[in-house]
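J.: Residue numbers (my numbering): 42 to 125. Backbone N, C-alpha and C fix where the C-beta goes; we use that ideal spot for every residue, glycine too. This is the structure I have questions about; it appears just below.
Spelled out as structure tokens, the structure:
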């Protein structure tokens, strides 16, 4: 089976995580086992996210289910409003 990427596909993960990091937005990170971690993203790479709260935790991306910020990053402010 061939894995083709759409020529119009834009990467979203890195800009999104970077916006959360730069703006120091608090996030809730839900893991695939249901555990919720809270803090701010200090750094990230291809495989891990460093999450700072009282201590810095290294969270493997393959263990992350969902990232929920306390507010939207400015990354999305320039988009036109979506119509229902």
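On the three-state DSSP scale, how would you describe residue 72?
T.: Within the chain shown, residue 72 is the residue found at index 31, counting from 1. Residue 72: strand per DSSP, three-state reduction.
J.: Of all the alpha helix (DSSP H) runs that stay within the bounds of the stretch 50-99, which reach a length of 4 or more residues?
T.: DSSP runs (the alpha helix (DSSP H)) wholly in the stretch 50-99: 54-63.
J.: Is it buried or exposed, residue 53, if we count other Cβ atoms within 10 angstroms and call 16 or more buried?
T.: Here residue 53 corresponds to residue number 12 of the chain shown, with the count starting at 1. Under this definition residue 53 is an exposed residue.
J.: What span of residues does the beta strand (DSSP E) with residue 111 cover, start to end?
T.: For the purposes of this step, residue 111 is taken as the residue at position 70 of the chain shown. It is not in any beta strand (DSSP E) - residue 111 carries neither H nor E in the DSSP assignment.
J.: Looking only at its chain, what residues have a beta carbon closer than 8 Å to the beta carbon of residue 74, apart from the 5 residues adjacent to it on each side?
T.: Here residue 74 is taken as the residue at index 33 of the chain shown, counted from 1. Cβ neighbours of residue 74 beyond the five flanking positions: 104.
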